[in-house]
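J.: The listed protein sequences correspond, in order, to chains A and B. Convert by adding 84 to the 1-based position in the first sequence; the result is the number in my numbering. Convert by adding 84 to the 1-based position in the second sequence; the result is the number in my numbering. Dumping the structure here so I can ask a few things about it.
There are 2 protein chains.
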Amino acid sequence: MNQLELWERYKTHLCRCEPVGLSLDISRMGFTAGFLEAMADPMQRAFSAMEALESGAIANPDEGRMVGHYWLRAPELAPTPDIRAAIETTISDIKAFASDVRSGKIAPAPGQQFEDILVIGIGGSVLGPQFVNDALGTPRQGRTRIFFCDNTDPDGIDRGVLDRIGDRLDRTLTIVTSKSGRTPETRNAMLEVMQAYARRNQCFSEHAVAISQEGGELDRLCRAQKWIRLFPIWDWVGGRTSQMSAVGLLPAALQGFDVDGLLGGAREMDRITRSRVVRSNPAALLALMWYHAGDGRGSRDMVILPYKDRLVLLSRYLQQLIMESLGKETDLDGNVVHQGITVYGNKGSTDQHAYIQQLREGVHNFFVTFVEVLRDREGPSVRVEPHTTSGDYLFGFLTGTQQALHEKGRESMTITIDEVNARTVGALIALFERAVGLYASMININAYHQPGVQAGKTAARRVLDLQLRLIKELGTHRGRARTAGQLAASIHAPSDIETVYKILEHLSANPDRKITRTPGTTPFDATYTAE
Amino acid sequence: MNQLELWERYKTHLCRCEPVGLSLDISRMGFTAGFLEAMADPMQRAFSAMEALESGAIANPDEGRMVGHYWLRAPELAPTPDIRAAIETTISDIKAFASDVRSGKIAPAPGQQFEDILVIGIGGSVLGPQFVNDALGTPRQGRTRIFFCDNTDPDGIDRGVLDRIGDRLDRTLTIVTSKSGRTPETRNAMLEVMQAYARRNQCFSEHAVAISQEGGELDRLCRAQKWIRLFPIWDWVGGRTSQMSAVGLLPAALQGFDVDGLLGGAREMDRITRSRVVRSNPAALLALMWYHAGDGRGSRDMVILPYKDRLVLLSRYLQQLIMESLGKETDLDGNVVHQGITVYGNKGSTDQHAYIQQLREGVHNFFVTFVEVLRDREGPSVRVEPHTTSGDYLFGFLTGTQQALHEKGRESMTITIDEVNARTVGALIALFERAVGLYASMININAYHQPGVQAGKTAARRVLDLQLRLIKELGTHRGRARTAGQLAASIHAPSDIETVYKILEHLSANPDRKITRTPGTTPFDATYTAE
Chain A
85 MNQLELWERY
95 KTHLCRCEPV
105 GLSLDISRMG
115 FTAGFLEAMA
125 DPMQRAFSAM
135 EALESGAIAN
145 PDEGRMVGHY
155 WLRAPELAPT
165 PDIRAAIETT
175 ISDIKAFASD
185 VRSGKIAPAP
195 GQQFEDILVI
205 GIGGSVLGPQ
215 FVNDALGTPR
225 QGRTRIFFCD
235 NTDPDGIDRG
245 VLDRIGDRLD
255 RTLTIVTSKS
265 GRTPETRNAM
275 LEVMQAYARR
285 NQCFSEHAVA
295 ISQEGGELDR
305 LCRAQKWIRL
315 FPIWDWVGGR
325 TSQMSAVGLL
335 PAALQGFDVD
345 GLLGGAREMD
355 RITRSRVVRS
365 NPAALLALMW
375 YHAGDGRGSR
385 DMVILPYKDR
395 LVLLSRYLQQ
405 LIMESLGKET
415 DLDGNVVHQG
425 ITVYGNKGST
435 DQHAYIQQLR
445 EGVHNFFVTF
455 VEVLRDREGP
465 SVRVEPHTTS
475 GDYLFGFLTG
485 TQQALHEKGR
495 ESMTITIDEV
505 NARTVGALIA
515 LFERAVGLYA
525 SMININAYHQ
535 PGVQAGKTAA
545 RRVLDLQLRL
555 IKELGTHRGR
565 ARTAGQLAAS
575 IHAPSDIETV
585 YKILEHLSAN
595 PDRKITRTPG
605 TTPFDATYTA
615 E
Chain B
85 MNQLELWERY
95 KTHLCRCEPV
105 GLSLDISRMG
115 FTAGFLEAMA
125 DPMQRAFSAM
135 EALESGAIAN
145 PDEGRMVGHY
155 WLRAPELAPT
165 PDIRAAIETT
175 ISDIKAFASD
185 VRSGKIAPAP
195 GQQFEDILVI
205 GIGGSVLGPQ
215 FVNDALGTPR
225 QGRTRIFFCD
235 NTDPDGIDRG
245 VLDRIGDRLD
255 RTLTIVTSKS
265 GRTPETRNAM
275 LEVMQAYARR
285 NQCFSEHAVA
295 ISQEGGELDR
305 LCRAQKWIRL
315 FPIWDWVGGR
325 TSQMSAVGLL
335 PAALQGFDVD
345 GLLGGAREMD
355 RITRSRVVRS
365 NPAALLALMW
375 YHAGDGRGSR
385 DMVILPYKDR
395 LVLLSRYLQQ
405 LIMESLGKET
415 DLDGNVVHQG
425 ITVYGNKGST
435 DQHAYIQQLR
445 EGVHNFFVTF
455 VEVLRDREGP
465 SVRVEPHTTS
475 GDYLFGFLTG
485 TQQALHEKGR
495 ESMTITIDEV
505 NARTVGALIA
515 LFERAVGLYA
525 SMININAYHQ
535 PGVQAGKTAA
545 RRVLDLQLRL
555 IKELGTHRGR
565 ARTAGQLAAS
575 IHAPSDIETV
585 YKILEHLSAN
595 PDRKITRTPG
605 TTPFDATYTA
615 E
């Protein structure tokens with residue numbers, strides 16, 4: 085295809101969504117008109133499934149749940165008046181609460197003000213807030229800072245959060261987010277942070293807000309300890325689609341982001357992507373291109389390349405949204421399908437100096453989704469050459485890379501947004517949420533559960549139970565040096581010797597556990613002794 | 085295989101490197117003894133190629149260059165006394181310079197001290213320093229802060245760097261790193277930062293240090309403007325293997341990291357991985373496992389999962405090291421091979437809440453490299469349950485996830501380090517550098533060039549040249565409204581209409597360019613006018 089033919093293809097397929105300032109260009113994907121025709125029926129069935137979902141069907145059959153994240157920005161579509169009222173009340177409560185915190189009406193102590201925000205959560209409880217914070221935040225000296233505690237790594241909690249916050253912890257509002265209320269990583273981090281407040285003689289409850297489902301452990305704790313506030317989340321909102329619930333809106337509102345813009349952008353994108361006219365529905369086009377690129381079975385990785393530093397976390401956000409939704413062993417009929425689409429990426433043009441070499445020349449196992457932002461910055465730009473700005477270079481590298489990949493038969497799409505603001509970010513989130521839903525229907529899987537994550541948690545529980553038995557056994561015979569093999573036998577777990585060995589290596593590397601390791605002739609002959 | 089058989093396999097294959105406190109466990113990779121035998125000859129040839137490289141052969145034939153990053157931590161192995169002297173002098177110069185900066189002997193103004201560091205660079209010039217800074221740094225209030233400017237994104241420079249530094253810019257030491265001295269992203273960011281110093285009436289030269297090759301543009305600029313200092317980099321060090329040159333050592337030394345530990349860990353790992361005895365050579369084992377997992381053609385992605393927040397940038401560092409080195413179209417004999425290995429990942433257990441669902445149940449297109457750190461934190465840990473710490477949970481989730489993936493036939497390796505310190509970080513870098521070199525030999529490609537990145541840059545240059553012609557044309561007829569098609573014709577580039585259209589959309593979205601867009605009946609009928 086020559087340049088003018090490509091231009092015709094570009095014009096034919098460009099999907100412009102004026103109300104949200106977003107376009108999708110699929111002209112550099114190698115699909116044919118025949119492909120779109122062949123997919124017309126599955127696509128229409130996917131629209132029907134989405135309509136059923138939006139009107140309150142049990143779209144997550146395994147867990148017997150409705151899937152309601154689209155109602156969060158259009159409460160009038162909720163299937164019951166109670167749900168509608170719950171959404172509307174929560175949004176207005178969040179705005180009022182954030183306003184009171186920002187005005188100092190809600191404060192850590194008389195005459196003080198909350199200066200920093202700490203969000204404790206993991207997975208869907210923080211990936212959205214992290215992405216939105218990075219996309220919309222402009223850290224300046226003296227401004228509200230936001231921190232995320234998203235793991236159960238002790239050193240990560242110390243140096244990633246507590247060391248950075250330092251003595252401002254006294255004026256830090258801590259949000260603990262856990263849908264179920266019993267996520268161990270979140271609970272552990274909360275306990276560590278509680279202790280940090282205590283070390284500073286600060287009352288944790290007077291600094292804490294919870295976001296959780298009613299009736300869960302966190303809900304009970306929050307009520308019992310009289311935390312400042314509790315915001316609800318509901319069983320019909322999945323963690324990975326919870327950005328427009330309190331999970332995402334509360335941190336956004338506390339930072340002064342345009343919450344109505346976020347909701348409005350998502351709502352408008354929802355409206356646009358409900359259309360059954362595929363060529364003007366960017367979510368349908370995305371889903372179709374994913375299907376085309378990976379033969380409907382994820383045979384190509386999705387590389388997410390925003391040319392804008394603010395959007396560097398988009399790929400991490402989409403990793404969860406897409407991989408956890410689509411990476412499934414069985415389809416809705418119980419057939420083993422091993423579905424999914426792998427997602428990775430950081431940002432351009434930085435990544436051109438990292439892995440574009442492989443994308444252009446190497447293993448052909450991917451397609452690229454570029455994200456372009458037309459507006460370079462607030463205010464004027466210095467000219468780095470006559471009539472040329474840094475932003476022109478960024479634009480040039482994006483366009484040049486699109487062309488260089490196309491020359492080599494590597495497929496790409498481009499999403500262009502006018503600028504990064506609350507409205508376009510809301511629209512981007514809604515766009516991908518719906519593309520995931522439509523694609524899941526096309527490949528006949530449940531996008532709204534995650535049955536595969538339980539096995540790792542259960543195995544972890546077994547490891548921790550084994551550790552308890554070991555610690556007890558070691559403590560019963562203080563001063564006695566035994567090998568991993570001997571200890572495994574002592575606790576009647578001889579076949580668990582490998583796990584026992586690993587537990588002992590971990591415990592003895594941490595001096596506060598007071599378990600001494602004495603090297604042996606091989607690593608496996610080392611002995612361990614409780615002091 | 086039952087648990088005891090797995091334990092035997094674990095013991096048989098565990099590669100423990102005592103001097104650097106690192107182990108590699110390959111027992112959960114599904115290779116057979118037959119595979120290791122079959123690979124014995126290619127492996128020995130790879131060792132020979134590595135020996136030739138280390139003794140100064142032209143290991144990068146396309147560019148006619150030696151490949152000398154191993155000499156950086158063992159200068160006595162350099163092929164000439166001049167190279168040895170250059171390495172040794174540079175290391176001691178860096179230490180002396182960092183000491184002078186940290187003591188205030190080298191200062192922005194009398195009585196002041198450099199408080200912050202800004203590194204401007206992209207790709208190999210910053211990925212190493214970013215990784216090492218995050219692995220070894222412990223930001224505390226009041227400490228030296230480090231910032232990275234790694235793109236030509238105007239907004240990214242403003243809010244990612246300049247807004248954060250604020251008025252501390254006066255006391256910020258800026259390091260400009262560009263091997264060639266003409267990387268446009270780096271040059272643009274430097275010009276933007278120069279202007280920021282000027283806006284504060286600060287002399288840039290009195291705050292600036294360069295790292296560049298002799299005789300290049302940056303070298304000339306630095307000398308002409310009398311910057312504080314220039315540190316060399318040499319043509320026999322590739323960007324992606326430059327962490328042990330001034331590129332990595334200068335930022336490390338300025339932050340007070342243990343430079344000798346970094347160098348010593350790498351040096352020791354080099355010594356260990358020169359061994360031709362495969363089972364005690366972790367670099368050879370890694371390379372073999374990559375070959376096994378991806379059939380020697382990168383058919384499976386490499387997921388990097390460190391269970392330690394400090395190591396979250398390891399995957400991004402390895403993305404460049406591995407994908408840019410291995411992602412090649414042709415082999416050394418000129419055959420088209422489309423090689424490479426895709427690398428992605430963030431950190432555990434956080435990623436268990438993102439994409440482990442897909443890894444366990446979904447498309448089977450990957451193998452995992454876990455990284456375990458035995459030491460949890462400095463100081464004692466609060467117990468989150470009886471006898472149980474947050475670190476135990478982290479360990480439990482790692483072990484549980486290894487088991488859960490193994491149950492489903494998903495392969496994984498585990499690198500265990502005693503703790504994250506300069507020595508283990510140096511060892512990790514050296515381990516992967518050599519694994520890449522050995523694997524490249526096994527698949528017969530040049531790991532030390534990047535011919536595929538030029539196309540995107542050349543295409544970008546064409547875009548910027550086209551833009552210049554457009555701006556000139558628009559300026560010649562101010563006030564005249566024309567469509568993209570008309571303007572493309574006016575500058576005699578009718579077949580470039582798509583690029584012209586995109587340039588105009590970008591320019592007109594930025595008010596300081598003073599090009600007005602007037603909508604038409606379709607997006608392509610919009611007209612553009614220079615004010």
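The beta-carbon is built from N, C-alpha and C at its ideal position, and this holds for glycine as well.
How many Å lie between A/Val260 and A/Met278 at the Cα?
T.: Residue 260 of chain A sits at position 176 when you count from the first residue of the first sequence. Residue 278 of chain A sits at position 194 when you count from the first residue of the first sequence. About 11 Å.
J.: Any C-beta of chain A sitting closer than 8 Å to the C-beta of B/His471?
T.: Numbered from 1 along the second sequence, position 387 holds the residue referred to as residue 471 of chain B. So, interface residue.
J.: In angstroms, rounded to a whole number, what distance separates the CA positions of B/Thr473 and B/Ala368?
T.: Taking the second sequence and counting its residues from 1, one reaches residue 473 of chain B at position 389. Taking the second sequence and counting its residues from 1, one reaches residue 368 of chain B at position 284. Roughly 36 Å separates the two Cα atoms.
J.: Whose CA, out of A/Tyr523, A/Gln538, A/Arg564, A/Arg545, lies closest to the CA of A/Ala130?
T.: Counting from 1 along the first sequence, the entry for residue 130 of chain A is found at position 46. Selected option, being the one with the closest Cα: A/Tyr523.
J.: Does B/Val216 have its Cβ less than 8 Å from a Cβ in chain A?
T.: Here residue 216 of chain B refers to the residue found at position 132 of the second sequence. Not one chain A Cβ lies under 8 Å of B/Val216.
J.: Under 8 Å between beta-carbons, which chain B residues line up against A/Phe608? List them in chain order, please.
T.: Within the first sequence, numbered from 1, the residue matching residue 608 of chain A stands at position 524. Going along chain B in sequence order, the residues near A/Phe608 (Cβ under 8 Å) are Lys95.
J.: Output the boundary residues of the beta strand (DSSP E) element that contains B/Met27.
T.: Nothing about residue 27 of chain B can be read from this structure; chain B reaches only from 85 to 615.
J.: Counting only Cβ pairs nearer than 7 Å, list the residues of chain B close to A/Gln279.
T.: Indexing the first sequence from 1 puts residue 279 of chain A at position 195. Result: Val466.
J.: Whole alpha helix (DSSP H) runs in the region 319 to 367 of chain A with 4 or more residues, listed along the chain?
T.: Listed in chain order, they are 330 to 338, 343 to 357.
J.: In the region 386 to 413 of chain A, which residues sit with their C-beta less than 8 Å from some C-beta in chain B, listed in chain order?
T.: Cβ contacts with chain B: Tyr391, Lys392, Asp393, Arg394, Arg400, Gln403, Gln404, Met407, Glu408, Leu410, Gly411, Lys412, Glu413.
J.: How would you list, in chain order, the residues of chain B whose beta-carbon sits under 9 Å from the beta-carbon of A/Asp242?
T.: Taking the first sequence and counting its residues from 1, one reaches residue 242 of chain A at position 158. The answer, in chain order, is Thr222, Arg461, Glu462, Gly463.
J.: Give every residue of the same chain whose Cβ lies closer than 6 Å to the Cβ of A/Ala371, excluding the five residues on either side of it in the sequence, and list them in chain order.
T.: Start at 1 with the first residue of the first sequence, and residue 371 of chain A comes out as number 287. If we look at A/Ala371 and ignore the five residues flanking it on each side, its Cβ neighbours are Ala519, Leu522, Tyr523.
J.: Suppose the cutoff is 8 Å on Cβ atoms and the five residues either side in sequence are ignored; what does the same chain contact list for A/Gly332 look like?
T.: Translated into positions along the first sequence, residue 332 of chain A becomes position 248. Contacts found: Gly212, Pro213, Val216, Ser326, Leu346.
J.: Run the CB neighbour count on A/Arg400, radius 10 Å, all protein chains shown included, and call it buried at 16 or more, exposed below.
T.: Position 316 of the first sequence holds residue 400 of chain A. Result: buried.
J.: Take A/Gln339 and list the residues in its own chain whose beta-carbon comes closer than 8 Å to its own, dropping the five residues that flank it on each side.
T.: Within the first sequence, residue 339 of chain A is the residue found at index 255, counting from 1. Cβ neighbours of A/Gln339 beyond the five flanking positions: Ile201, Asn217, Leu220, Gly221, Thr228, Ile230.
J.: DSSP three-state call for A/Thr473: helix, strand or coil?
T.: Within the first sequence, residue 473 of chain A is the residue found at index 389, counting from 1. A/Thr473: coil per DSSP, three-state reduction.
J.: At the 8 Å Cβ level, is A/Asp234 part of the contact set with chain B, yes or no?
T.: If you number the first sequence from 1, residue 234 of chain A lands on position 150. It does: the Cβ of A/Asp234 has a partner Cβ on chain B nearer than 8 Å.
J.: Would you tell me roughly how many angstroms separate the C-alpha atoms of A/Leu98 and A/Arg271, rounded to the nearest one?
T.: Taking the first sequence and counting its residues from 1, the one referred to as residue 98 of chain A is at position 14. Taking the first sequence and counting its residues from 1, the one referred to as residue 271 of chain A is at position 187. Taking the straight line from one Cα to the other gives about 47 Å.
J.: For A/Ala572, is the classification buried or exposed, using 16 other Cβ atoms within 10 angstroms of its Cβ as the cut-off for buried?
T.: Working through the first sequence from its first residue, we reach residue 572 of chain A at position 488. That one is buried.
J.: Where does B/Ile204 fall in DSSP's three states?
T.: Indexing the second sequence from 1 puts residue 204 of chain B at position 120. Reduced to three states, the DSSP call for B/Ile204 is strand.
J.: Judging by CA-CA distance, which residue of A/Gly148, A/Asn430, A/His376, A/Asp344 is the nearest neighbour of B/Asp234?
T.: Along the second sequence, one-based indexing puts residue 234 of chain B at 150. Nearest of A/Gly148, A/Asn430, A/His376, A/Asp344 to B/Asp234, Cα basis: A/Asn430.
J.: In three-state terms, what does DSSP make of B/Pro194?
T.: Translated into the one-based positions of the second sequence, residue 194 of chain B becomes position 110. Coil, per DSSP.
J.: Using a Cβ-Cβ cut-off of 8 Å, state whether A/Gln551 counts as contacting chain B.
T.: Residue numbering aside, residue 551 of chain A sits at position 467 when the first sequence is read from its first letter. Yes, A/Gln551 counts as interfacial toward chain B.
J.: Against chain A, does B/Trp91 count as a neighbour if the rule is that its beta carbon must be under 8 Å from one of theirs?
T.: For this step, residue 91 of chain B is matched to residue 7 along the second sequence. True, the Cβ-Cβ gap to chain A drops below 8 Å.
J.: Let me check understanding here. Comparing Cα to Cα, which of B/Val396, B/Ala350, B/His448, B/Ile388 lies closest to B/Pro103?
T.: In the second sequence, residue 103 of chain B corresponds to position 19, counting from 1. Ranking B/Val396, B/Ala350, B/His448, B/Ile388 by Cα distance to B/Pro103 puts B/Ala350 first.
J.: Please determine, among A/Val321, A/Val509, A/Val420, A/Ile190, the residue with the shortest C-alpha to C-alpha distance to A/Leu402.
T.: Taking the first residue of the first sequence as position 1, residue 402 of chain A is located at position 318. Cα-wise, what sits closest to A/Leu402 is A/Val509.
J.: Taking Cβ to Cβ, would you say B/Gly265 is nearer than 8 Å to B/Ser296?
T.: Taking the second sequence and counting its residues from 1, the one referred to as residue 265 of chain B is at position 181. Taking the second sequence and counting its residues from 1, the one referred to as residue 296 of chain B is at position 212. In contact: B/Gly265 and B/Ser296 (Cβ atoms closer than 8 Å).
J.: Given a cut-off of 8 Å on the beta-carbon distance, is the pair A/Pro335 and B/Asp247 in contact?
T.: Along the first sequence, one-based indexing puts residue 335 of chain A at 251. Along the second sequence, one-based indexing puts residue 247 of chain B at 163. In this structure, B/Asp247 does not lie closer than 8 Å to A/Pro335 by Cβ.
J.: So, for B/Ala124: in the same chain, excluding its five sequence neighbours on each side, which residues have a beta-carbon less than 8 Å away from its beta-carbon?
T.: To locate residue 124 of chain B, count along the second sequence from 1; it is residue 40. Val362, listed in sequence order.
J.: Given that A/Pro103 touches chain B, what residues does it touch there, using C-beta distances under 7 Å?
T.: Reading the first sequence from its first residue, position 19 is the one you call residue 103 of chain A. Within chain B, no residue comes near A/Pro103; the closest Cβ sits about 14 Å away, beyond 7 Å.
J.: Just the C-alpha distance for A/Gln197 and A/Met353, rounded to the nearest angstrom, thanks.
T.: As a position in the first sequence, residue 197 of chain A is number 113, starting the count at 1. As a position in the first sequence, residue 353 of chain A is number 269, starting the count at 1. The alpha-carbon atoms of A/Gln197 and A/Met353 are separated by roughly 37 Å.
J.: Using a Cβ-Cβ distance under 8 Å, would A/Asp239 count as near chain B?
T.: Translated into the one-based positions of the first sequence, residue 239 of chain A becomes position 155. It does; some Cβ of chain B falls within 8 Å.
J.: Could you tell me whether the Cβ of A/Thr483 comes closer than 8 Å to any Cβ of chain B?
T.: Within the first sequence, numbered from 1, the residue matching residue 483 of chain A stands at position 399. Yes - at least one Cβ of chain B is within 8 Å of the one on A/Thr483.
J.: Consult DSSP for A/Cys287 and reduce its assignment to one of helix, strand or coil.
T.: Stepping through the first sequence from its first residue, residue 287 of chain A is reached at position 203. In this structure, A/Cys287 counts as coil in the three-state DSSP scheme.
J.: Looking at the structure shown, is B/Thr267 part of a helix, part of a strand, or coil, going by DSSP?
T.: Counting from one through the second sequence, the residue named residue 267 of chain B turns up at place 183. Here B/Thr267 sits in coil by DSSP.
J.: With distances taken from CA atoms, which of B/Asp254, B/Leu416, B/Lys392, B/Ala543 is nearest B/Ala282?
T.: For this step, residue 282 of chain B is matched to residue 198 along the second sequence. Looking at the Cα atoms, B/Asp254 is the closest of the given residues.
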